[in-house]
Amino acid sequence: MDADIALILLQDGVVNGAIYALLALSLVLVFAVTRVILIPQGEIVAYGALTYAALDEGRLPGSVWLLGALGAGAFLAGLLAERRVLSPGGVSRLAAETLAIPALVAATALLLAPRKPGVAVDALLTLAIVTPMAPYLYRLAFQPLAEASVLTLLIVSIGVHLVLLGLGLVFFGPEGYRAPGFSDTRFELGSLLIPGQAVWIVGCTLALIAALYLFFEHTLAGKALRATAVNRLGARLVGIATALSGRIAFLLAGLIGTLSGILIAPLTTVYYDSGFLIGLKGFVAAIIGGLVSYPVAALAAVLVGCVESLSSFYASAFKEVIVFTVIIPVLLWRSLRSTAEEE
Amino acid sequence: MRFAIMLLTAAILATAGTARAQVKIGVTISTTGPAASLGVPQRNSIALMPSTVGGQTVEYRVLDDAGDSTKAVANARKLIDEGVDALIGSSTTPASLAMIDVAAEKQVPMIALAASSRLIEPMDAQRRWVFKTPQNDSLMADAIAAHMERAGVKTVGFIGFNDAYGDGWLAEATRAFAAHGIKLVATERYARADTSVTGQVLKLVAARPDAVLIAGAGTPAALPQKALHERGYAGKYYQTHGVANADFLRVGGRDVEGTVLPAGPILVAAQLPDSNPIKPVALDYVRRYEAANGAGSVATFGAHAMDAGILLQTAIPVALRSAKPGTPEFHAALRQALESSEELVLTHGVSNMTPQDHNGFDGRARVMVTIEGGAWKLLP
């Protein structure tokens, strides 16, 4: 291997690693606030990519109807959960949140989809269609169990993953799709040929990391989320609505997941079941960060990307084995270092 | 609640009464999971099969195994317990291989829709009960190697799926290349769900082969070809018949123009010469499938299920002469009848089964095809 090949492989690793970093960040975020290990995050990525690809072809994506169904489900779950304290104001707020938004998004999609409005509008529309699914899922599946153990939440999470996987097949079909990138330009840097899409991916990841930092450090909602993450009960005692924190965490995770989907759709062919493996690699990175540290998780994600690209060069038949083996020494080291802690 | 259960039971009994069939065919295919792009057109093809054969009503029971071997075996047992006279399935090689034990144990003929020749070779006491409609990999690999030799290819690079499909092809291609004096200079593997094959492609390009053979199925097979184009590889591209559906053309776009691959003649049915006996059978299937599922929806994978149906429609009347459906004698007679099909025209070729060959296809079951202007074109 010469220096040129090493550079190309590293570039490839960093680009893939940036996507894993986005997923790792959202997994850490959701786990810190709600203690849910968000396995369905991979499906959100696949939904984002497939919705974007469908809009690009000028078709109305099936996820629009899924959004409506999830919204209606969240509405009913909300009514049921708050049946004792319902007020007209509360019901109308709930209806606006869970029924009006999907209706509005569906109407916009119906209007715009056949006209092929271009990549920027497609991307925004995709964000509007897929992102709200995450907080609806939280309301439907996780909020009623918010006080349950991590294991129970994990089991529910796997259940949600399987349901979304099946729905993905129904709404998008078994075949894969590919979408055009945000830019076709290429930059030459020495012997490296850097595609515009790679710049977009790394740029988006860096911008999102900066935005998350500002959000958690300088906004009230961000601080409330951090407080919930540190101590749920304490946060409630000082007047932070923990259910709302959970929904915000899921909203952010949905946003990041959808954006990751839009970013990878031009790189590879995405299937209804592609998300799981991508999410799993983000999960490896999140685990290396101990499911608490954002910077460690982000760096670990880039490492996972580079290990993946190097092993695909040296031993392509064992690529996944090598990538997932990385987690074993980390787990050993972590379990030796930390003292056992019961919840 | 109790009332609801009673209603449900009554409803089930009522439907069971009306649908009592003479001949039962059990189908287990992968309509969900990673092989769904094979299973879905196969399920749609089952729906096109006739409900009466030889004066007897035929009932089709279709179950989904999600491409999972354990599920396929469970489905096969369930179907046989329900008294089916023949099994069709499954869509993938691993799942079909696992079903062989069940079919042989219960002595029910089984027609697999998966490609690997390991399903029917070497012929033994178990595989007596197993038939297979897709062409053997070896037939296709020989066609590729012969085409390469004629095109003056001396060295070739291989990139294939990291699973049974890629393994099977690597073995067959290695044998075929050696027979035609072609040197295999690089062997790389990748996974269906990979987002990048940069590492593998760099190695392939560095080996400077005259041609690259990509052994993948469906749209994921477009990924290495796109990556090779990106790295400026200028040699010839070969794909396998696993990519022969419209979605591959859609995803591959301009990057797959000029690719050469072997395929069942149904892929280019309209371009076949009128003298070809397969042409009317294949065109009839395409017309009926597209009438039911929309224009341009037909896939060669679904035609394998149709071929299994045609085999059964030919064998059932023969078996009916000697035994009654639902009996072990009928199963044995059906197996015997399937095995003795002669010059039977299917959508994918002309089948001549023998006790040793439970596929029965010859050179007429494959054509060489290239991609031109975003469509399949028959090569002379």
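Chains as they are written, first to last, in this note's numbering: chain U, 1 to 343; chain F, 1001 to 1380. Even for Gly, the Cβ is constructed at its ideal location relative to N, Cα and C.
Using beta-carbon distances, Lys1154/F does not count as an interface residue toward chain U, since no partner is under 8 Å. Following the DSSP letters along the chain, one finds Gly254/U inside the alpha helix (DSSP H) bounded by residues 242-264. Along the length of the stretch 29-79 of chain U, whole alpha helix (DSSP H) runs at least 4 residues long occupy 41-56, reported in chain order.
At least one C-beta of chain U is nearer than 8 Å to the C-beta of Leu1223/F. Closest in alpha carbon position to Gly1181/F, among Gly1157/F, Val1153/F, Asp1194/F, Ala1193/F, is Val1153/F.
Going by DSSP, Tyr271/U is part of no beta strand (DSSP E) at all; its letter is neither H nor E.
Of the residues Leu165/U, Phe171/U, Arg139/U, Phe283/U, the one whose Cα lies closest to the Cα of Ala300/U is Phe283/U.
Contact of Gly166/U with chain F by beta-carbon distance below 8 Å involves Thr1032. Taking a Cβ-Cβ threshold of 7 Å, the residues of chain F close to Pro174/U are Ala1036, Ser1037, Val1040, in chain order. A contact is defined here as three or more CB-CB pairs under 8 Å, and the stretch 1195-1203 of chain F fails this definition with respect to the stretch 1239-1255 of chain F.
Rounded to whole angstroms, the separation of the alpha carbons of Leu111/U and Pro102/U is 14 Å. Assignment of Met1049/F by DSSP, reduced to helix, strand and coil, places it in the coil class. The DSSP-derived three-state label of Pro1265/F is helix.
For Asp1064/F, there is no enclosing alpha helix (DSSP H); the enclosing beta strand (DSSP E) has its first and last residue at 1056-1064. Apart from the 5 residues on each side of it in sequence, Ile1080/F sits with its Cβ closer than 6 Å to the Cβ of Lys1106, Val1108 in its chain, given in chain order. CA-to-CA, the gap between Phe1177/F and Lys1236/F works out to about 15 Å. Using a Cβ-Cβ cut-off of 8 Å, Gln1239/F does not count as an interface residue toward chain U, since no Cβ of chain U sits closer than that to its own. Between Val1197/F and chain U, the shortest Cβ-Cβ separation is below 8 Å.
In the three-state scheme derived from DSSP, where H, G and I count as helix and E and B as strand, Ile287/U is classed as helix.
The DSSP-derived three-state label of Lys1183/F is strand.
Taking a Cβ-Cβ cut-off of 7 Å, the neighbours of Ala1193/F in chain U comprise Ser274, Leu277, given in sequence order. Pairing Val330/U with Val302/U, the inter-Cα distance amounts to about 15 Å. Per DSSP, Gly1302/F is one residue of the alpha helix (DSSP H) stretching across 1300-1320. Listed along chain U, the residues sitting closer than 8 Å to Asp1247/F by beta-carbon distance are Glu175, Gly176. The shortest CA-to-CA distance from Arg1175/F to any of Ile1144/F, Glu1372/F, Arg1043/F is the one to Ile1144/F. Between Asp1307/F and Thr1133/F, the CB-CB gap stays under 8 Å. Closer than 8 Å to the CB of Asn1075/F there is not a single CB belonging to chain U.
In this structure, Gly275/U and Val64/U do not form a Cβ contact; the two beta carbons are roughly 19 Å apart against a cut-off of 8 Å. Taking CB atoms only, Phe313/U has a neighbour in chain F less than 8 Å away. Taken through DSSP and simplified to helix, strand or coil, Ala1074/F comes out as helix. The alpha carbon of Ile39/U has as its nearest neighbour, out of Tyr138/U, Gly71/U, Thr108/U, the alpha carbon of Tyr138/U. Tyr177/U is bridged by DSSP to Val270/U. Here the C-alpha atom of Leu99/U lies approximately 21 Å from the C-alpha atom of Ala253/U. Annotated three-state conformation of Ser293/U is coil, per DSSP.
8 Å or more divides the Cβ of Tyr1165/F from the Cβ of Gly1039/F. Going by C-alpha positions, Leu1204/F is about 43 Å away from Pro132/U.
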